[in-house]
Amino acid sequence: MSFVERLVCSKCGTRYRSEDNPVMCRKKDLGRLDVIYDYDAVAKQLTRRTLSSRATRDIWRYEELLPVPTRYAVRLREGGTPLLHAKRLGAKLGLRKLFLKDETRNPTASFKDRAMAVGITKAVEMGKKDVVIASSGNAAASLAAYSAAAGIRCHAFVPDDASVGKLAQLRLYGATTVQRKQEKKGEDATVQAMLKAVEKSGYYPCPSFGPFNPYQVEGPKTMAYEIFEQMSWSSPDAIFIPTGSGCLATGIWKGVNDFKQLGLIEELPKLVVVQPEGNQALVRAIRAHKKFSEIIPEAFPKSIASGLLDPFPWDGDAAMAGVRETKGAGVSASEAEIMRAVKDLAAYEGVFSEPSGAAGLAGLRRMLEQGTVNKNETAVVLVTGSGLKDPNVIVDSA
Ligand SMILES: *Cc1c(COP(=O)(O)O)cnc(C)c1O
Ligand SMILES: [Zn+2]
Numbered sequence: 002m003s004f005v006e007r008l009v010c011s012k013c014g015t016r017y018r019s020e021d022n023p024v025m026c027r028k029k030d031l032g033r034l035d036v037i038y039d040y041d042a043v044a045k046q047l048t049r050r051t052l053s054s055r056a057t058r059d060i061w062r063y064e065e066l067l068p069v070p071t072r073y074a075v076r077l078r079e080g081g082t083p084l085l086h087a088k089r090l091g092a093k094l095g096l097r098k099l100f101l102k103d104e105t106r107n108p109t110a111s112f113k114d115r116a117m118a119v120g121i122t123k124a125v126e127m128g129k130k131d132v133v134i135a136s137s138g139n140a141a142a143s144l145a146a147y148s149a150a151a152g153i154r155c156h157a158f159v160p161d162d163a164s165v166g167k168l169a170q171l172r173l174y175g176a177t178t179v180q181r182k183q184e185k186k187g188e189d190a191t192v193q194a195m196l197k198a199v200e201k202s203g204y205y206p207c208p209s210f211g212p213f214n215p216y217q218v219e220g221p222k223t224m225a226y227e228i229f230e231q232m233s234w235s236s237p238d239a240i241f242i243p244t245g246s247g248c249l250a251t252g253i254w255k256g257v258n259d260f261k262q263l264g265l266i267e268e269l270p271k272l273v274v275v276q277p278e279g280n281q282a283l284v285r286a287i288r289a290h291k292k293f294s295e296i297i298p299e300a301f302p303k304s305i306a307s308g309l310l311d312p313f314p315w316d317g318d319a320a321m322a323g324v325r326e327t328k329g330a331g332v333s334a335s336e337a338e339i340m341r342a343v344k345d346l347a348a349y350e351g352v353f354s355e356p357s358g359a360a361g362l363a364g365l366r367r368m369l370e371q372g373t374v375n376k377n378e379t380a381v382v383l384v385t386g387s388g389l390k391d392p393n394v395i396v397d398s399a
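Letter by letter, the sequence shown follows residues 2 to 399 of our numbering.
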């Protein structure tokens, strides 16, 4: 049984029936088709009690809040990652309650598995044979793995300088991979190539951006659900989110909002969006109280955090709403701050993160220094991708 009531375009408000399996708004307005659930029906089945009796530890634990039935699920044991109490790193920063959500433990070593598992499962339900993606590498590697497991062909467009770990994964998982260099200011060449392939070949688009696939956004919500369960239903004060396109931040906001609407939590944690200084269009807009429609893409993004280099935050609208509604913040981090975070995660907690995955910690530290986070707060830092993805950048700067 499905609990999806309908899908609604975030730009123009056009409603879609779930049975019609819409993927993009037919008005081509780059709106995201937000999945709306029947919370009354979900609330009857999904309670603290029913959850405590469920043995399933992967994302399908929360099947009522996913947009595709579990019987189609392509599973590699995505989600169910540990929430580590970072005592040594916390002591160094003066924080007693610092927690790391260790997403490096996912099947392809980044949180993108939560998104791509749902995206591919929807493709299986729709009977698709070919999927296409634009990505800096992690989402593509993940989609390639799930495609392999489902017997679907995967076509990936990645940047010319994609990291060796991510390219190796793509090759072995069997994706057709094309590398593209950014040429035009503010434009993502991989996204343009993906859109062309969708138009020409009718492939199912499954990038980790909401406007081009509304289903995958629902996967990362489960990270928020797990955090609440792992904290025995108390809300942390703040969650620190490494951000590129804003799709992860959107997922976390949707997840927090789902549990609030269902009455499973009371307090909303502050959502903190963290971007590298070399690509911070979304953070600038948040800090200047601008509207989403006023965001100007970063001309030529640059950072060692290669997973956070989307020139335009495709899901910035919902990410901004999440920051606003939770009284959160936007903060940037320098290259040195990001590298320091990579080293500290490894040296104090034994967690090996790629630079993108450590940006959340860099943002937390900057806010501690500014005095905008205080030392009694409970902070959850999302560590989103493994250091093995990008060992060269770490060896070069460590
Ligand atoms: C994709 C990615 C992010 C950012 O996610 P967005 O949805 O693009 O904001 C953060 N960390 C890692 C490791 C990633 O691969
Ligand atoms: Zn629309």
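Even glycine gets a Cβ: it sits at the ideal position worked out from N, Cα and C.
Integer-rounded CB distance, given that residue j should sit under 8 Å from residue i
{"i": "residue 381", "j": "residue 356", "result": "About 20 Å; that fails the 8 Å criterion."}
{"i": "residue 103", "j": "residue 85", "result": "6 Å"}
{"i": "residue 216", "j": "residue 63", "result": "Residue 216 to residue 63, Cβ: 14 Å. No contact."}
{"i": "residue 208", "j": "residue 135", "result": "5 Å"}
{"i": "residue 191", "j": "residue 158", "result": "4 Å"}
{"i": "residue 242", "j": "residue 253", "result": "6 Å"}
{"i": "residue 112", "j": "residue 249", "result": "7 Å"}
{"i": "residue 145", "j": "residue 170", "result": "7 Å"}
{"i": "residue 42", "j": "residue 79", "result": "Not confirmed; about 25 Å, so no contact."}
{"i": "residue 151", "j": "residue 77", "result": "No, residue 151 and residue 77 are not in contact; Cβ-Cβ is about 10 Å, not under 8 Å."}
{"i": "residue 44", "j": "residue 388", "result": "Not really, about 40 Å apart at Cβ, beyond 8 Å."}
Residue from the options with nearest C-alpha to residue i
{"i": "residue 4", "options": "22, 36, 23, 32", "result": "36"}
{"i": "residue 306", "options": "181, 295, 288, 363", "result": "363"}
{"i": "residue 129", "options": "324, 243, 156, 259", "result": "156"}
{"i": "residue 322", "options": "373, 247, 230", "result": "247"}
{"i": "residue 211", "options": "332, 72, 317, 344", "result": "317"}
{"i": "residue 106", "options": "291, 351, 189", "result": "351"}
{"i": "residue 32", "options": "145, 314, 162, 259", "result": "314"}
{"i": "residue 325", "options": "334, 345, 271, 373", "result": "271"}
{"i": "residue 26", "options": "12, 95, 369, 392", "result": "12"}
{"i": "residue 359", "options": "379, 29, 251, 334", "result": "334"}
{"i": "residue 299", "options": "292, 147, 284", "result": "284"}
{"i": "residue 65", "options": "320, 223, 254, 92", "result": "223"}
{"i": "residue 232", "options": "377, 61, 95, 100", "result": "100"}
{"i": "residue 164", "options": "184, 112, 139", "result": "139"}
{"i": "residue 237", "options": "347, 258, 98, 343", "result": "98"}
{"i": "residue 18", "options": "24, 28, 7", "result": "7"}
{"i": "residue 344", "options": "371, 304, 392, 320", "result": "392"}
{"i": "residue 182", "options": "160, 281, 89, 276", "result": "160"}
{"i": "residue 269", "options": "280, 180, 255, 281", "result": "255"}
{"i": "residue 69", "options": "40, 219, 47", "result": "219"}
{"i": "residue 186", "options": "174, 51, 280, 374", "result": "280"}
{"i": "residue 94", "options": "257, 389, 346", "result": "346"}
{"i": "residue 30", "options": "304, 47, 294, 375", "result": "294"}
{"i": "residue 257", "options": "366, 89, 319", "result": "319"}
{"i": "residue 120", "options": "67, 83, 259, 87", "result": "67"}
For residue i, the first and last residue of its enclosing beta strand (DSSP E)
{"i": "residue 277", "result": "271–277"}
{"i": "residue 131", "result": "131–135"}
{"i": "residue 8", "result": "5–10"}
{"i": "residue 243", "result": "239–243"}
{"i": "residue 178", "result": "177–181"}
{"i": "residue 318", "result": "Segment 317–326 is the alpha helix (DSSP H) holding residue 318; no beta strand (DSSP E) there."}
{"i": "residue 260", "result": "Careful: residue 260 lies outside any beta strand (DSSP E), inside the alpha helix (DSSP H) at 248–262."}
{"i": "residue 381", "result": "380–384"}
{"i": "residue 157", "result": "154–160"}
CA-to-CA distance, residue j to residue i, given in whole angstroms
{"i": "residue 75", "j": "residue 154", "result": "14 Å"}
{"i": "residue 338", "j": "residue 329", "result": "21 Å"}
{"i": "residue 21", "j": "residue 123", "result": "12 Å"}
{"i": "residue 296", "j": "residue 354", "result": "30 Å"}
{"i": "residue 230", "j": "residue 57", "result": "13 Å"}
{"i": "residue 251", "j": "residue 262", "result": "16 Å"}
{"i": "residue 331", "j": "residue 292", "result": "14 Å"}
{"i": "residue 49", "j": "residue 289", "result": "39 Å"}
{"i": "residue 108", "j": "residue 206", "result": "21 Å"}
{"i": "residue 341", "j": "residue 327", "result": "28 Å"}
{"i": "residue 10", "j": "residue 398", "result": "43 Å"}
{"i": "residue 266", "j": "residue 59", "result": "21 Å"}
{"i": "residue 132", "j": "residue 384", "result": "27 Å"}
{"i": "residue 72", "j": "residue 377", "result": "44 Å"}
{"i": "residue 166", "j": "residue 308", "result": "13 Å"}
{"i": "residue 301", "j": "residue 91", "result": "35 Å"}
{"i": "residue 303", "j": "residue 194", "result": "21 Å"}
{"i": "residue 51", "j": "residue 173", "result": "40 Å"}
Heavy atom of ligand 3 within 7 Å of residue i beta-carbon
{"i": "residue 311", "result": "You won't find ligand 3 in this model; what it holds is ligand 1 and ligand 2."}
Range of the contiguous alpha helix (DSSP H) that encloses residue i
{"i": "residue 287", "result": "282–288"}
{"i": "residue 142", "result": "139–151"}
{"i": "residue 266", "result": "No alpha helix (DSSP H) holds residue 266; DSSP gives it neither H nor E."}
{"i": "residue 359", "result": "356–371"}
Contact with chain D by residue i, beta-carbon distance below 8 Å
{"i": "residue 206", "result": "Protein chain content of the structure displayed is limited to a single chain, and chain D is not contained in it."}
Sequence-ordered residues whose beta carbon comes within less than 7 Å of a heavy atom of ligand 2: 10, 12, 13, 15, 26, 28, 30, 32
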